[in-house]
Structures are given as C-alpha cells and as structure tokens.
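Numbering (UniProt numbering), first residue to last: 1 to 619.
Heads up, the beta-carbon is just placed ideally off N, CA and C, and yes, glycines get one too.
All values reported here derive from a predicted model rather than from experimental measurement.
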Amino acid sequence: MTDRRLNVANTEAGGAAPTSSPRSIAQADLVTYRGRRDRELGSLYAIARSLAALRELDEVLDSIVRHAHELIGTDFTYLSLVGPDKDLSLKASAGTISAEFLAARIPSNTGLGGRVIDTGRAMWVSNYLRAGDLTHVGEFDALVAPEGLVALLGVPLLVRSEVVGVLFAADRTERPFETDEIALLSAFADHAAIALNNARLYDESRAAVQRLESAYATMERAQAVHEALSNAVLSGGGPGDVAQQLVEHVGGTVTVLERDDSILLSRPQGASPVRHDSSEVAAAIVEARNTGRCVTIEDSVGLSQSAAAIQAGNSYLGALLLTRQEQPPPIDVRTLERATHVMGMLILKESAVAQTAERLSGEMMTNLLVSSPVVGPAQRARAQARGLLVDKLNVVVVVDALGMSTGEVSRHLHNIATEWNGLSGVYLGRATMLLNVPDRDAITRLDTVTRAIHQRLRGELRQQVTVVSERVRGTDWARAFSIANRCCAVIQALGRPDQGASSDQYAVYALLFDTERAVELGRFIEDTIGPVLAYDARRSTDLVNTMTQYFAHNGNVAQSARALHVHLNTLLKRMERISVLLGEDWRSPEFSLPLQLTLRLHELRTAVELPQVSTPTPR
C-alpha cells in the first residue's frame, strides 16, 4: 500500500522514506551509482558557481527553479518566499504552471511549506491532497487538482538559521521521494539560499547607493538654489530677483507679500498673482506665521498654495506664496523656507539702508531749518554730495495723522521727499518735508502737489491725515515751517483734519499762523475783548466762554445756560458783568459781528497755542 503520510527527510524524525543505499546496491551497479553521483555533484557545483555570479534578484530566482528542475527532473518546480506578512508567495517556477497557481498565497503556518518553515527541514508527501497531517487551505487545494500536483517535496532556504523561503519539487503522479533526491535538492537549496541572500544584499546595497545618490543630488540642488538666492542679494538684487530665482528652480508662480499682506510683486513677470485674501490662503499665512514652517493647502479651484512667513525674530516682514498645479515635494518646500530667510535678510538690509538715509535726510533738514535763512558753504557742499540744490528747496510741507506717531508718519515721507529731490524728517515734533516744486503756475501747482501728497498718504496710512504746504521765500525755511505748522493746527481746530491744502487757501486765518502778524492779532483781540479777558484772568471767571455760548445759541439765554451747565440767574448776572466791562450795546447787531469774529479768533489762537500778548488791566 502506498504511503500517504507526511514524511520528514531525516531518519531521526521517524519518517518512512524508501531509500537506496550504496551498500545495498550490487557491486556491478557501484560504478554506475558513483558515476551518477559524480555527475550530480559536478552539476551542483557548476550551478552553484553560476548562481554566485548572478546579482539581480529576479535572475537568481528564475535560475534557482530552472536549475532545480533540471537537476531533480520532477514535472515542475517552484519557489516561494516568506513575505513581511509571513505569507508564502510564489516568486518563480519551471514547468507548466497555471496563472492562478502562480498568484497563490498561503499562510506560512499551513500546508507543506508551513511544516518546512516550522521545522527548518526538508519534508515530502506522496499525495498532497490526501496528506491528513497537513493543515490545508481551501483556496490553495482548489488549485492543486487542476494543476495536477500530487507528490510534493519541499526544502528550506536557510539564511543564518532563518527560513526565508521554500523550494518545491512536484510530480503529477503519486510517488515517494528518495533520500538521494532530497539530499541533492537540499544541497542545491543551501547554495541557492546563499545566492538569494547575496542578491538581496546586492539589491539593498544598490538601493542604499541610489538613496545616497538621490540625497547627494538633493543636497547639491539645495546648495545651488541657496547660492543662486544669495548671489541675487549680494549682487544688489531685490525681492523680484529672489522671486525669479525661486520660479526658475521650483516652477509655478511666486507672490511676495508685504508686512500688511498686500501684494508687492509676482513672478514670473506678468503672472496673475494669487488671491491671497481668500479664506484658505489667509488661514495658511496665519498658520505659517505661528509655526514658522511652510504650510501647503489646496484652494477652492484645486491649485496648490504654499505659504511661508518672512520673519526676523518676532517681527513679521511679509510672506512668500508658491502657486502650482500639484503639491511641491519636500525639497521645494525647504527651498521656499530657505528663500524666506534670504528675503528676510534682504528686507532687513534695505530697511537698514533706508533708516540710514532717513536719518541723514532728517539731520540735514533740521540743520537747514535751524540755520535758516542763512546757508553756509558746508551745508551747501553736504547737500550737493547728496545731489540736492538747497536753493531749489522752495516748499515746506508738514503732515499730521491722528493716532500715529510723528516718527511713523515721517518714515512714509522719505520716499515722497526723494521723488521731489527733497529732504524729510521730524522737526519740532512735526513730520516735515522740504521739496523742490517747479515754479511754473506756482499757486495752482502747489495746491495740486499738496492734494496729491494727501491722497498718497491717505492710501498708505489708511486714516485721516492733514497735509499743509507753504512756499519758501528765498531760503527762509524756518518762517515757512512756522506758517505751515500753525496753519495745520488751525485746520485741525476748525474740524477739518483730513485734507491737503496750501496755507494760501486759509489766508482768511493768516493772522493766526503768520508769526509776523501775531502782534496785529493780539492788538485786535485786546481792543475788542481785552477787559473781559483781564477780568477772567484776575477773578478766574468764565465770561469769555459765556459770550461764546450766547452767540453760538443765537442769543437764547435758556439754551446758553444749559450749554454752560449753570442756572439761568447765574447766566444773567454774568451778562450784566459783561455789560459793565464792554458796554450795554455789546449784544446789538452793530457790535455783535466783530465781537463774534474776535471770540472765534481767540478760540482758534488758544487751540493752536500761539504766544499770547500781555493784556493790560482794564480801565
């Protein structure tokens, strides 16, 4: 009866494997036996040498099954490797094997292969489907019958005592496997395992070399980009040059944002800038500022948007946006982040240069105003070294923006002053410019220039701003500054803080801001309401304000009393005192008009803090 039990190719395991020993062979067959053994061993070593020469893993696998098929002479052979998931998957075969069989995967703890892996020894069955000692897998057994697999021998592929795969030899008829066949296939499997391990090591080494080459190429590219960005700055380039270098190395569109997240420029030239104000991109910019790393999102139209903040310490200097069809690889992300560092250094350098230029401009302007109207040779030489002709600085402009420091306003004036071949800075607490405005059609031209400066500053500062200009007589910048400065205060006192005008437009108030006419103003006020001013100063009363409120409410005593927060009788007593000081007719139409004008001028003079003329004691 045919043995259908699981057989271990080792006598210690108790397997009943029919064998043929040389001692049981007749002396006549000994020569034939030894000759066959010599041929088998010769073939084995020849095959081992050929396997050792192979390097590609697939070639080694194919060579193993092909030589095993030739060496053992079974109907077909195949080789399965243990995968990361511990399943056995067929990798190579020789003989006729169906596509379904080739695709089979079985758990490493089932079937004959599982026993080989568990024991680390060669095992065989004369009839696979009838081997009751095996753990069968239905999916694999369903493929065995169509393939005709009956007798099956499996030997382990051992690498440092670890079974990495199983080499199978199969016949389509039921039969036992002899000891010589098992020993020969096992010896071949030992050589095959070495060749297989060498091929794996070769693949791993080659992969490691490729990774190193790729990493080196990445480093070289990153270094090349960094050098290109640095050279763009060191050669005097600006933000546009840095952005163009980025486009050339990473592609897409690069948009540079300023501190207020407004668009400074986009590259390549003519490219449509990204909608940086969209909610997705705005959120990415905020996240990039908070994390200090590049943030990539997909916007509403399917484009990849990468945002990287330009920062110096805790100072936010702007941002870079990279727009592409697809998400950038890690190297391009790092390139964008490195570009923010280069851009940050460029911005800081430009800021330092600008601050130095602003400081020098402010120092020169202050020097001219202090020495005005005299201009010394040293001052002229210093101005000429900066390309300025002091005699051409014919307009003084003062600027005030509610809610902003004078220094901050002054920084916005520097570019304007440069465009008009002038100077800018802070003088006596006021943001000031000395400009070179052409003389043709002087009055109209000056008003046009002043309004243009106002509109520009209004857009940059985004709040109310007062701009007042005054034409200079000769080189008397100090007088022009005094007039423009006082006129600015008068305009704000009049409740018109958001406009640009020359002092000529407020000539009706010239007495208030023309220092040469300050005595006239004081005399006019003294002649009209001097006794009331003196009485208020001596008694700490409020008669001047009482008159102001009385006229402001068209002579209605009840409304005037409410505005002054006093009782009606108190108001009437005040008015009696005013009548004593100014005369009973102070409320008559003949005297009320000049009196109201005087009160208004006095109010404005107080608001602009003009020097007061001493008031004599009333008669």
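Taking Thr77 as the reference, give the member of Arg160, Arg172, Gly120, Glu139 with the closest Cα. Residue 77 sits at position 77 when you count from the first residue of the sequence shown. Thr77 has its Cα closest to that of Arg172, out of Arg160, Arg172, Gly120, Glu139.
Given this structure, state the Cα-to-Cα distance separating Leu434 from Glu248, to the nearest angstrom. Your numbering for residue 434 matches position 434 in the sequence shown. Your numbering for residue 248 matches position 248 in the sequence shown. Distance between the alpha carbons of Leu434 and Glu248 is about 44 Å.
Whole-angstrom C-beta distance between Thr466 and Ala499, which should lie under 8 Å: Locating residue 499 in the sequence shown gives position 499, counting from the first residue. Locating residue 466 in the sequence shown gives position 466, counting from the first residue. As written in the sequence, residue 499 is Gln, which differs from the Ala given in the question. That belief holds up - the Cβ atoms of Gln499 and Thr466 are roughly 7 Å apart, short of 8 Å.
With DSSP collapsed to three states, give me the class of Ser24. For the purposes of this step, residue 24 is identified with residue 24 of the sequence shown, where counting begins at 1. Because the pLDDT at Ser24 is just 49, under 50, the model does not fix this residue reliably, and the point stays unresolved.
Could you pull the DSSP bridge partners for Gln455 from this structure? Counting from 1 along the sequence shown, the entry for residue 455 is found at position 455. Gln455 is not bridged to any residue.
Using the beta-carbon count (16 or more within 10 Å), is Pro531 buried or exposed? Counting from 1 along the sequence shown, the entry for residue 531 is found at position 531. By the neighbour-count rule (16 or more Cβ atoms within 10 Å), Pro531 is buried.
Given a cut-off of 8 Å on the beta-carbon distance, is the pair Val254 and Leu317 in contact? The sequence position of residue 254 within the sequence shown is 254, counting from 1. The sequence position of residue 317 within the sequence shown is 317, counting from 1. No. Outside cutoff.
Would you check if the distance between the CB atom of Val65 and the CB atom of Gly120 is smaller than 8 Å? Counting from 1 along the sequence shown, the entry for residue 65 is found at position 65. Counting from 1 along the sequence shown, the entry for residue 120 is found at position 120. Cβ distance not < 8 Å, so Val65 and Gly120 don't count as in contact.
Contact between the stretch 139-147 and the stretch 100-115 (3+ Cβ pairs under 8 Å): Short answer: they touch.
Burial state of Ser374, where buried means 16 or more other Cβ atoms lie within 10 Å: Counting from 1 along the sequence shown, the entry for residue 374 is found at position 374. First, the amino acid is wrong: residue 374 is Val here, not Ser. Exposed: under 16 other Cβ atoms inside 10 Å.
CB contact flag (Leu157, Gly165, <8 Å): Position 157 of the sequence shown, counted from the first residue, corresponds to residue 157. Position 165 of the sequence shown, counted from the first residue, corresponds to residue 165. Yes. Within cutoff.
Using CA atoms only, rank isn't needed, just tell me which of Gly251, Val256, Met364 is closest to Arg386. Walking along the sequence shown from the start, residue 386 turns up at place 386. Its Cα nearest to that of Arg386, the residue Met364 stands out among Gly251, Val256, Met364.
Enumerate, from N- to C-terminal direction, the unbroken alpha helix (DSSP H) stretches of 4 or more residues contained entirely within the stretch 514-585. Counting only runs of 4+ residues, the alpha helix (DSSP H) found wholly inside the stretch 514-585 occupies 518-539, 543-552, 557-564, 568-582, in chain order.
Taking only the alpha-carbon atoms, compute the straight-line gap between His136 and Gly111 and give it to the nearest angstrom. Residue numbering aside, residue 136 sits at position 136 when the sequence shown is read from its first letter. Residue numbering aside, residue 111 sits at position 111 when the sequence shown is read from its first letter. Each residue's alpha carbon lies about 5 Å from the other.
CB Val155 to CB Leu167, shorter than 8 Å? Along the sequence shown, one-based indexing puts residue 155 at 155. Along the sequence shown, one-based indexing puts residue 167 at 167. Cβ distance < 8 Å, so Val155 and Leu167 count as in contact.
How big is the Cα-Cα spacing for Asn314 and Asp261? Along the sequence shown, read from residue 1 onward, the residue named residue 314 stands at position 314. Along the sequence shown, read from residue 1 onward, the residue named residue 261 stands at position 261. Each residue's Cα considered, the two are about 16 Å apart.
Would DSSP call Val375 helix, strand or coil? Counted from its first residue, the sequence shown places residue 375 at position 375. The three-state reading of DSSP puts Val375 in coil, since its state is none of H, G, I, E or B.
8 Å Cβ cutoff met for Leu153 and Leu71: The count along the sequence shown starts at 1 and reaches residue 153 at position 153. The count along the sequence shown starts at 1 and reaches residue 71 at position 71. Cβ atoms of Leu153 and Leu71: not closer than 8 Å.
Less than 7 Å between C-beta atoms, sequence neighbours within five positions excluded: which residues of the same chain meet that for Gly474? Within the sequence shown, the letter at position 474 stands for residue 474. Within the same chain, Gly474 has close Cβ partners Pro373.
Please report how far the alpha carbon of Asn290 lies from the alpha carbon of Pro330, in whole angstroms. For the purposes of this step, residue 290 is identified with residue 290 of the sequence shown, where counting begins at 1. For the purposes of this step, residue 330 is identified with residue 330 of the sequence shown, where counting begins at 1. Taken atom to atom, the span from the alpha-carbon of Asn290 to that of Pro330 is near 20 Å.
For a test of the three-state rule: what should DSSP assign to Arg172, helix, strand or coil? Taking the sequence shown and counting its residues from 1, one reaches residue 172 at position 172. Coil at Arg172, not helix or strand.
So what does DSSP say about Met404, is it helix, strand or coil? Position 404 of the sequence shown, counted from the first residue, corresponds to residue 404. In this structure, DSSP gives Met404 a state outside helix and strand, which the three-state scheme calls coil.
Any contact of the stretch 402-419 with the stretch 374-384, i.e. 3+ C-beta pairs under 8 Å? Contact between the stretch 402-419 and the stretch 374-384 is absent, because fewer than three Cβ pairs lie under 8 Å.
Looking only at its chain, what residues have a beta carbon closer than 8 Å to the beta carbon of Gly113, apart from the 5 residues adjacent to it on each side? The residue labelled residue 113 in the question sits at position 113 within the sequence shown. Here the set comprises Ser80, Leu88, Ile106, Gly154, Val166, Phe168.
Mind checking whether Asp536 and Asp527 have CB atoms under 8 Å apart? Residue mapping note: residue 536 aligns to position 536 of the sequence shown, counting from 1. Residue mapping note: residue 527 aligns to position 527 of the sequence shown, counting from 1. Not a contact, by the Cβ cut-off of 8 Å.
Name the one or two DSSP bridge partners that Pro156 has. Numbered from its first residue, the sequence shown carries residue 156 at position 156. BP columns for Pro156 point to Val166.
Among Phe481, Val256, Leu413, which residue has its Cα nearest to the Cα of Gly238? Taking the first residue of the sequence shown as 1, we reach residue 238 at position 238. The shortest C-alpha separation from Gly238 is found at Val256.
Return the bridge partner residues of Glu298 from the DSSP annotation. As a position in the sequence shown, residue 298 is number 298, starting the count at 1. In DSSP, Glu298 forms a bridge with Ser304.
Looking only at its chain, what residues have a beta carbon closer than 7 Å to the beta carbon of Gln559, apart from the 5 residues adjacent to it on each side? Locating residue 559 in the sequence shown gives position 559, where the first residue counts as 1. These residues qualify, in order along the chain: His553.
What is the rounded straight-line gap between the Cα of Gly83 and the Cα of Lys349? Sequence index remark: in the sequence shown, residue 83 carries index 83 (1-based). Sequence index remark: in the sequence shown, residue 349 carries index 349 (1-based). One C-alpha to the other measures close to 59 Å.
Rounded to whole angstroms, what's the CA-CA distance from Gly236 to Asn198? Just pull it up for me. Here the question's residue 236 lines up with position 236 in the sequence shown. Here the question's residue 198 lines up with position 198 in the sequence shown. The straight-line gap from Cα to Cα measures roughly 56 Å.
Quick check on His567: buried or exposed, where buried means 16 or more other Cβ atoms within 10 Å of its Cβ? The residue labelled residue 567 in the question sits at position 567 within the sequence shown. The residue in question, His567, is exposed, as its Cβ has fewer than 16 Cβ neighbours within 10 Å.
With DSSP as the reference, label Leu428 as helix, strand or coil. Your numbering for residue 428 matches position 428 in the sequence shown. Coil.
Report yes if the C-beta distance between Ile117 and Ser108 is below 8 Å; otherwise report no. Your numbering for residue 117 matches position 117 in the sequence shown. Your numbering for residue 108 matches position 108 in the sequence shown. Yes, Cβ-Cβ distance for Ile117 and Ser108 is below 8 Å.
For His565 and Gly362, what's the separation of their Cα atoms in angstroms? The count along the sequence shown starts at 1 and reaches residue 565 at position 565. The count along the sequence shown starts at 1 and reaches residue 362 at position 362. Rounded to the nearest whole angstrom, the CA to CA distance from His565 to Gly362 is 48 Å.
Within a Cβ cutoff of 8 Å, which residues of the same chain sit near Leu599, ignoring the five residues on either side of it in sequence? Within the sequence shown, the letter at position 599 stands for residue 599. Spatial neighbours of Leu599 in its own chain (CB-CB distance under 8 Å, excluding positions within 5 residues in sequence) are listed in chain order as Ile529, Val544, Met547, Thr548, Phe551.
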